Each structure stands twice: as C-alpha cells, then as structure tokens.
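Below is one structure, written out as structure tokens; the observations come after it.
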Amino acid sequence: MDALTIRNASAMPAPTWGWLKMNNAEVAIPAGLAPAGAVDVDAPQELFDNARPFEVAVAEMQERVDAARGEAADDRACLRAAKTGGTHADADGDLGDLDVPALSRYQERACREEAEGDIARAFETGMGHDARSYLNFLAGEPVALGTTEGERARAVVRVEGEERAAAAVALDVVAAPDSELDLVIELDGTDDFGDADAAALIGSELRVFAGARSRVNVTVYVCALPATVVLDDEGYVLDEGARLTVRHVVLGGGTTYTGLAADLRADGARADIDTSYLATGTESRDFAYTVRHRGRKTVSNILANGVLAGTSKKVLRGTIDLVHGCKGSEGTERETVLIASEGVDNKTVPTILCDEDDVAGNHGATIGHVRPDQLFYMRSRGVSPEAAEALFLTAKLEDAALTAPTEGARAAVARLAERIAPDFDIDEADEEEAA
Amino acid sequence: MAKQRTEVADIDRSLYDFKDSEEGFERLAEGLTPEIVTEISRRKDEPDWMLEFRLKSLEIYNSFPDPTWGPSIAGLDMDHIATYVKPNTDQSATWEDVPDDIKNTFERLGIPEAERSYLAGVGAQYDSELVYHNMQDTASKMGIVYSGIEEALHEPRWEALIREKFMTLIPPTDHKFAALHGAVWSGGSFVYVPAGTKLDFPLQSYFRLNAKGAGQFEHTLIIVEDDADLHFIEGCSAPKYNVANLHAGAVELFVGKRAHLRYSTIENWSKNMYNLNTKRARVEEDGEIEWISGSFGSHVGYLYPMSVLTGRRARSSFTGITFAGAGQNLDTGTKVVMAAPDTRATVETKGISKGGGIQTFRSSIVVTPAAEGAQATVSCQSLMLDDESRSDTIPAMDVRAKNVDIGHEATIGRIGDDKVFYLMSRGISEEEARAMIVNGFANPVAKELPLEYAVEMNNLIKLEMEGAIG
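Chain order of the listed sequences is R and V.
Residue numbers 1 to 435, in the working numbering, belong to the letters of the first sequence in order.
Residue numbers 1 to 470, in the working numbering, belong to the letters of the second sequence in order.
Structure representation (structure tokens):
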C-alpha cells in the first residue's frame, strides 16, 4: 500500500489556536505495508450468535427517544442563531437581532445536533470519520458480538502486528439490557519481527451500543514495538442507566493514537475512563477523548496518568460536553503527568463545553516532575533523583503487569519491560504483590 | 406552586449609551484599500517607513483567512466600516479647549473627575484621534513621558525608539486583525518610564468610539525600564447602534529588569461591537506584569492578553472576569509563554453567562525547554446563571521543560444549592443569598481594581435579584 496521511484525525470538538498544533492529529500511514497480521477473537459462541446490528440497536433507541421527546418549542437564542447561521449583516450592514449571539462553528454544530436529536447522525468515534473509514477498510467485515439480557460474558481480541504489514479488527458490540460484557483488546507486536525497526501498523475500530442498565468494561493494552503505528478508535452510545468502564494501558508503540467518543444519550448513563501511559525514546502518544452528556443525571470521569521519558511526545485532548438538557449531570477530567527527561513535549487540552446550568464540570491537571517531598523521602532511603524517576517508569510497567486482564497482555508487558527497563523483574513484582 | 427562577439583571449600559453628533467630523470612506491606508498616513504626516509598514500590513491582512475557532465574525463587513473618523478638534492639554459635546461625554463617563482625584495623567481618545492628553508636572519632572504615540513619533528623541519597538511584540503576521491594526492604526498612547522611577498614581487612557459603523485602532506602547514601576489603566465604551462597529487596538508592553507594570482594563463596548483586540507584554529578568481585566461589553470579543517571560524569574499574573449577557459571545482568556528558568505565572479567571450569552475561557501556557524550574497555576471558574446560556473552557498547556510544576483547575456550574441553603439558614433571603454568592464570585477581580473602577464594575454587573420564590 502507498503511504497515506489521515488529516484532521482525533480532532477536538472545540478547536483552539492553530499555532499550538493541538487541534488534531495527522496520522502518517507508512508506505509498503501489506494487509497481513493475526487477528484472534476469543469469545463464547453465544456472543456471536446473539449479535445484532449496531445500527438496529441505535434505531430502536431513536424511536424511544423520539417518543419521549416533547413537542415544546425551544426559542433559545443559540438555536435561533444556529437556524440563521449566526449574526450576519445585511446589504446595508444591519446586524438585525443583536440578542442573537454570533456562534462559533462548533457551537453552531452543537445547536444543530441538539435540534435534530438524531443519534445515528451524531454518532462519532474518537479518531473521527476518516480514521474510522481507513480502519474499516483494513479490517474488512466487522466482528459482531452481542450479549444476552441479564447475562455476563467475556471476549478477548488480539491483534498482532507483523513487520511491514498492517492488521486491524473492526468490532461491533451490542450489549443487551441488564447484561455485562468484559472486552479485552490487545494490540501487540511480538519480538518475532526479524527487524524490530521495521514499520508496521495495528489497529482496532470499535463501536459499542450499551443497552439499558448494561455494563460494558473495555480494557485495551497496547504494547507494540517502537516502529509500529497503533490506531485505537472507539465510539460508544449508552442507553438509560448503562455503565461504561474503559481502561487504556498504552505502554509501547512508536506512534499511538487512542480515540474515544461516548454519547451518554439516556438518563443515568455513566462513563469512567482510566488511562495509563508510558512513552520512552522518541515515541509519541496521542489521546482524544470526547464524552457528550445528553441524558439527565449522567456522569463521566476521565482520568489520565502517564510518564514521559526520553524525547517522547504526548497530546491529550479531553472534552466533556454538557449538552443542553443534561440536567443533574457531572463530568470530571483529571490528568497527572510525570516528565522524567529533558526534551519531552507534553501537550494537554482539557476542555469543558457547557450548555446547561444545572450541571457540574471540573477538570484539573498536574504536570511536573517527582515532588520534592517524594524525592526527599527517596534520598533518605539512598535512592538518587535519577533512580527515583526510573522507579516511576518501572512502577507503570509493574502496575500494568499485575493488573493485566490476560496472560497475553501480561506477557506483552514483560516483553516490553525487557526492552525498556531491563532491571525490571515481573516475577519479583509478583512476589512483592503476593507478600 | 411552580418554582420561579430568580433573575440576575443584565448590565445596565444606559450610563454609556448616548451619542454625539458627527457634524464637522472628517470621515474617510468605508472599506479598506491602499488609498485609504495611504490617506490615513498622509493626514498624520508620518515618516515613510510607517507608510510602508501600513501597506505591507494591508497585504498581510488580505492574505489571511478569518479565524475558524472562535465566535463568528460574519457580521463584520469591512466594506461597511470607516477606519478613520477625526473629531472636529485637535488634541488639547486642558479640558476647557475640548469641544463641549466631547467634553460632556467624558464628564459623564467621569474621566476629568478621576483625573482630579487619583490619576497622574489622562489620555482621552474620541473615535480615531486623541482629544485630550495631560500629565501632572510631578510625573514630568520624574522624567516620565506620557503622550499621544503619534505626537511622540514626530519627536526625533522618540522616533527611533518607537520604530525599534513598534509592532515587534505583535507583528502584523501574528493574526488577521493584528495585520488590520498595522494597516490602519490611529491614536493611542506612548509611555516611557525611566529606570528606577516609581509612579505612585496611575496613568489612564480612555477610548470612546462614538461614530456609527466605524472602527477604532489605537496603539498603546509602554516601556517600563529597569527597576521602574507603573500602573496603567485603560477604559473604553461606545453607544449602541444596529450596525457593526470594530475595535482592533494593540497594546505592547516592555517590562525591564526588576520592573513592575500593572495593566488594568475595564472593557465596556456596546453590544454591536466586534472587539478584536491584542495585548502583549515582554518581561525581563525579575520583572513582573500584572493584568487586571474586566470584559463586559461587545457583541463578539476576542481578547487574550499575553505575557512573554524572557528573563530569569520573570513573573506574570492575570486576573480577569468576563460577563456575557444576551446576544454576546465573549471569547476571552490569556496566553503565557515561559521562556526562561524559574519563571512564574498565575491565572485566575471568573466567567458569568446569562440571558443566552456565551462566555468562553481560552488560554495557553507554553513552557519552553529553557524554562526549567517554571511554575504556573491556572484557576478558572465559570458560573451559569440560567439554562439558556453557555460557558466553555478551553485551556491548553504545552510543557517542554523538566523540573516544572504546572497546575490547572477549572469548574463550571451554577450557584450551589448548599451555599444558598447555608445562607438561608442564617436568616438571609434566597434572593439576597444568591446576590451575595454572585458578588463574592466576582470579588477576587474587583478587589484588584482601583476603588473607583471596582465601583464601576459593581455598577456594570449590577446584579439585581428579583422574582418570586415558590
């Protein structure tokens, strides 16, 4: 395949100044990648048998949402502005109704989407339309999984890269009401590469419809080789009372993109996203999270915690969108970044969009190095500042290994640790944990 | 009985919403052409380099697209904007020499009274030109220069310095409206504070745009030399029309080593104004810039005072409040570039939106590799007073240095029921309780302003609580 560039990937819903170069990502797909690699889906047969089309689940929800939607006229100024495209002067320069605000593009789009109330049209994934198209093209026919009402199930999906090859999986998941699904996705490259520096690409395209009161727990482990491009693109629609728990563990891969968009469409839906990342050498991490609160009393938490070493780069675009009508909702975003080396570039844009008053939106970020009190304690135990910072790096690996959801993920962390932290002993960590 | 929402009144702008006749004023044609730019320069009898600068800026302006990330400026049609309107008077040093209607305007705005009470000097601009400029003798004797920038440009002593500094912090290539400013700037102040000089009383410039369908493009250039200290206040207002008016001023501040500059602004343009203003400060070793900023007016606002900390241990602080009411989309915030070791920055902002108004806090903290040991804290709070309004927070951080400590906290929400309940349990009515909470919310900014301006801000906010409690 020829080299390809996906522009405007992982774009922020509400952009900021272009000179900061944070608004979106440009994904460079290396040339010469053959469509190859291993994709393995390990799931009980009933998950395949009960699969329902994602579009059908969304359409059924749309019917219910439309039926519940009132016909009351909404004459808010922003909706009037969206209808007229904001304030424009007429031929005489007259601005007309000055009580109509001049909306920005993203505000106009938000008003339009709100007025339409169309779940399918508003559906999005974190990396955006073009990346989704590319991954779907690469993956071919999507794997469809569906849970049974009231049942719990587990599926493990493994995408293993090969040198000079591109491999991806497309997954469509519909979780039935009151069901629970644990989904593990491992995006990995083995050390069987003849040339560890050979270009490769692995990816995953995931769409999830979480039915009423269902629980969907997604864990993604990324432990690819340093020359591998990793694309992890996810989109979720949550019905009433549904709960989504996502854990992203991104430890390896030369350039990784993690995109997630969640539509908390119905009342009481909740999304908890916990991201742990590590970047060493010249690696690059790109995260784009968007959570749209549309139902009442919805909750979201985006937590990100990472260590950046070498001359690595990271961008985190996190957006909590409190859409008009999501009364009683609360969105929280927190990030902690440890900068362990000179030459690191850490970018963060924690955005809150708020079109509703009876809500709470919070975000916080702490970016720095090891705190002086922590360093003092370490020094008093004979640990140098450099060694202390190295400890934080190995702590990331240790935590990832100890909490790995599968043996495969654990083995991937161990392989990665051998490469970037040779002193780290996973068995020793196990023993300490047991003790 | 249904519960009725308590109301917070819009800002009362009647104090500012009065118009004077333009009879006798000189008004250049609407639109933006090289001929108009050349004519502005000719009228000011500028040196050739400035005319070249203006024409180059116009080229840059025409090459830039409109910004796509902020509020729409589709209603701003430069073919309907007069970029130069000269009032029927020249600059005076006494109020008695200012024509009565213009003098009365500034009297109503309280400027001469403020000058008598607590200011060391005042500059008053009306449309495109300064009509009054004066400074106390004591300040003059200290070697401080406070004059119209055009006046200073004609003095050989200052021309070289102005040429060296003019639009170097805000180059025309910075953004479309910086280029526009470079092309058609007119009026504004020049301040020079010699090394070691500390002025105990503030200087103030006030900008009044009276003309309908016109733009104001004043340029403020302030140089505070090493170990000097200055407080500069800027105020602005305009009457309301049904066509777009434009403000695209520029403020360039040079703060020397161990120098201190406080720059306070109360922006109260009318609701047909597009306020696309640019302010920037460069701070040297151990110097400090303090921005105090209140944004209350304008139909559309883009305002982000920027601090560039180039000297070791240089400091910046930004304290701001933005109140967006009906029909307003105010996109405000700040930018900081930390480009030297051990620099410090603090940002504290408050945003209030009501009546369908939109308020956005936008910021950037950039820590370059040279800024080892830098510390920055950003705190941003937004208050929604009804469910028709909107409040967005878009802070960006780009950190490229080790051993830094960057913290960011932001909250958006409405007045907490628990706080209202607590105050009501102490015998305070719900209306009073809400008013107290909103006033308390704005207080961190008000307390940083000179008393007279704090009073004006309270007058501007005028948070009147009314409505039945059911």
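Cβ coordinates follow ideal geometry from the N, Cα and C atoms, glycine included.
Bear in mind that the values here come from a model prediction, so they are computed numbers and not experimental data.
Backbone CA spacing between residue i and residue j [nearest angstrom]
i	j	result
V/P444	V/T349	9 angstroms
V/R280	V/G357	27 angstroms
R/A176	V/H80	59 angstroms
V/A371	R/A155	48 angstroms
V/Y16	V/D418	37 angstroms
R/Y377	R/I367	20 angstroms
V/K176	V/Y126	25 angstroms
V/S189	R/D272	53 angstroms
R/V504	R/N305	Lying before the first or after the last residue shown, residue 504 of chain R is absent from chain R, which here runs from 1 to 435.
R/G211	R/V56	12 angstroms
V/I321	R/S104	21 angstroms
R/E149	R/G203	30 angstroms
V/S379	R/P350	13 angstroms
R/A25	V/W291	33 angstroms
V/G70	V/T278	15 angstroms
V/G470	V/A433	With a pLDDT of 26 at V/G470, under the threshold of 50, the predicted position of this residue should be treated as unreliable, and no value is reported.
V/L230	V/G148	17 angstroms
V/T89	V/R108	19 angstroms
Per-residue contacts from residue i into chain R (C-beta, under 9 angstroms)
i	result
V/V399	V337, I339, V344, D345, N346, K347, T348, I367 and G368
V/P71	G86, P101, A102, L103, S104 and Q107
Delimiting residues of the beta strand (DSSP E) encompassing residue i
i	result
R/C223	R215 to C223
R/P350	D345 to C354
R/Y277	R270 to A279
V/E252	A250 to V255
V/R344	R344 to S353
R/L260	T255 to L264
R/I367	A360 to G368
R/V230	T228 to L238
V/K335	N329 to M338
R/A165	A165 to A175
Beta-carbon proximity check, residue i vs residue j, cutoff 8 angstroms
i	j	result
R/H293	R/S329	yes
V/Y274	V/L246	yes
V/V366	V/V337	yes
R/A81	R/T319	no
R/A139	R/R164	no
V/R313	V/T334	no
V/N268	V/K240	no
R/A477	R/T125	This structure cannot settle anything about residue 477 of chain R, because the visible part of chain R is limited to 1 through 435.
R/G161	R/L201	yes
V/G196	V/H219	no
V/P144	V/V184	The residue asked about is misnamed: residue 144 of chain V is Ile in this sequence, not Pro. For V/I144 and V/V184, no; Cβs fall outside 8 angstroms.
V/G355	V/D392	no
V/K86	V/S128	yes
R/V222	R/T255	no
Extent of the continuous alpha helix (DSSP H) to which residue i belongs
i	result
R/G408	E407 to I420
V/H181	K176 to V184
R/T282	Segment: none, R/T282 is in no alpha helix (DSSP H) and carries neither H nor E.
V/S57	D48 to S63
V/W158	P156 to K165
R/R379	P372 to S380
V/K240	That residue, V/K240, is in no alpha helix (DSSP H); it is neither H nor E in DSSP.
Under 9 angstroms from the C-beta of residue i: neighbouring residues of chain V
i	result
R/A89	A74, G75, L76, D77, H80, V243 and A244
R/E124	Within chain V, no residue comes near R/E124; the closest Cβ sits about 18 angstroms away, beyond 9 angstroms.
Under 8 angstroms from the C-beta of residue i: neighbouring residues of chain R
i	result
V/G148	None at all; the shortest Cβ gap to chain R is about 30 angstroms.
V/V404	I339, I367, G368 and H369
Closer than 7 angstroms at the beta carbon, the chain V residues around residue i
i	result
R/N217	Ordered by position in chain V, no residue passes the 7 angstroms Cβ test against R/N217, which lies about 29 angstroms from the chain.
R/G364	H408 and E409
R/V359	G413
is_contact[residue i, chain B] using C-beta, thresh 8 angstroms
i	result
V/G215	This model lacks chain B altogether; the protein chains it does include are R and V.
Chain-ordered neighbours of residue i on chain R, where CB pairs are closer than 7 angstroms
i	result
V/S364	W17 and L20
V/S391	C354
Closer than 8 angstroms at the beta carbon, the chain V residues around residue i
i	result
R/I29	Per Cβ cutoff of 8 angstroms: no residues; R/I29 is ~26 angstroms from chain V at best.
Complete alpha helix (DSSP H) runs within the stretch 395–449 of chain V (minimum length 4 residues, chain order) = Whole alpha helix (DSSP H) segments, 4+ residues: 417–425 and 430–446.
Open item on the list: To test your reading of the DSSP string, which unbroken beta strand (DSSP E) runs of 3 or more residues are found completely within the stretch 68–136 of chain V?
Closed with: Fully enclosed beta strand (DSSP E) runs of no fewer than 3 residues occupy 121–126 and 129–135 of the stretch 68–136 of chain V, in order along the chain.
**Asked** In chain order, which alpha helix (DSSP H) runs of at least 4 residues are fully inside the stretch 113–146 of chain R?
**Response** Residue ranges of uninterrupted alpha helix (DSSP H) with 4 or more members, entirely inside the stretch 113–146 of chain R and ordered along the chain, are 119–122 and 129–139.
_Within the stretch 290–346 of chain R, ranges of the beta strand (DSSP E) (whole runs, at least 3 residues)_ = Runs found: 299–308, 313–322 and 330–339.
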